[in-house]
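Undergrad: This structure is in structure tokens; I'll ask about it shortly.
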Amino acid sequence: MKYIVYGIVSAAILFLSVLMFLTVEGRTDHEKTLEEAVSLALDQTMQEQWMQAESIKDDEAWADAFCRILKEKMQGLGIKGECKVEIYGVDSKNGLLSVGVTETYRHPNGTEGTCQVIKTALWDQKMEKEDHEVRFYVDDRLWQAYRVEDGADFILPQTPAVEGRKFLGWSRQADQWSGEAFPAQVKETQTYYACFE
């Protein structure tokens, strides 16, 4: 009889120990997974929203995009708990997004658990600007070239002078004068060819 009582008490202690271990391990797992989902969603939101046209930059669009992307990331990582998203601050003009996400879930022992992640992201505008090269050719030889940041003003080169030929203008296609206008800003790498009569 004494051994039966020891066996029951030992089994109960073992069961409670395993339950406690699963509860602590589950909480750690939930925190890490939620933090990963929030980080990925913040990064993707910042990239998507910042790369869009200047006219689309409004605070509400950033918050909506974050919630949509977070939902996708949570489904991808298998987060099944209920989540509450709080937007602490959005500044779409300067590339700032601060959020808090609280997940409510059930522990193996049936009690309710929560974990919270608060993150702030700031987009480094200078780091992400792409450089573009603008090249000008005269008679299939590079005549002038320059490299500028994305969105910089277009710089018109000097007019080339070739003896005995009249300069018509610059064209995007070699040996074909199209009379096209130059863009106000450089948005892509461009090549122009001198056209003569």
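Start counting at 1 in the sequence shown, then tack on 174, and there's your number in the working numbering. Backbone N, C-alpha and C fix where the C-beta goes; we use that ideal spot for every residue, glycine too. Treat the numbers as computed from the prediction; the structure is a model and nothing was measured.
Are the beta-carbon atoms belonging to Ala326 and Val360 less than 8 Å from one another?
TA: Yes.
Undergrad: Straight-line CA distance for His281 to Glu307?
TA: 58 Å
Undergrad: Determine contact between the segment 234 to 244 and the segment 268 to 288, defined as no fewer than three beta-carbon pairs at a distance below 8 Å.
TA: A contact between stretches requires three or more CB pairs, one per stretch, nearer than 8 Å, and the segment 234 to 244 meets this requirement with the segment 268 to 288.
Undergrad: In angstroms, rounded to a whole number, what distance separates the CA positions of Asp324 and Glu362?
TA: 7 Å
Undergrad: Under DSSP, the beta strand (DSSP E) around Ile243 begins and ends at which residues?
TA: That residue, Ile243, is in no beta strand (DSSP E); its alpha helix (DSSP H) goes Asp233 to Leu251.
Undergrad: Between Thr207 and Leu244, which are expected to be in contact by the criterion C-beta below 8 Å, what is the C-beta distance as a whole number of angstroms?
TA: Actually they do not touch by this definition, with Cβ atoms about 12 Å apart.
Undergrad: On the three-state DSSP scale, how would you describe Val291?
TA: The answer is strand: DSSP assigns Val291 an E or B state.
Undergrad: Can you give the Cα-Cα distance for Trp344 and Leu316, rounded to whole angstroms?
TA: 13 Å
Undergrad: Tell me where the beta strand (DSSP E) around Asp298 begins and ends.
TA: For Asp298, no beta strand (DSSP E) run applies, since DSSP gives it neither H nor E.
Undergrad: With distances taken from CA atoms, which of Gln218, Phe310, Ala211 and Phe195 is nearest Cys257?
TA: Ala211
Undergrad: Considering Cα atoms alone, identify which of Asp203, Trp297 and Ser352 is closest to Asp265.
TA: Trp297
Undergrad: Check each candidate in Ala348, Phe356 and Lys340 and name the one with the smallest Cα separation from Pro331.
TA: Phe356
Undergrad: Closest Cβ-Cβ distance between Leu342 and chain D: below 8 Å?
TA: Although the question refers to chain D, the structure presented lacks it and comprises just one protein chain.
Undergrad: Take Ala295 and list the residues in its own chain whose beta-carbon comes closer than 6 Å to its own, dropping the five residues that flank it on each side.
TA: Counting only Cβ-Cβ distances below 6 Å, and skipping sequence neighbours, we find Leu216, Met220 and Leu271.
Undergrad: Does DSSP classify Gly269 as helix, strand or coil?
TA: Gly269 falls in the coil class under three-state DSSP.
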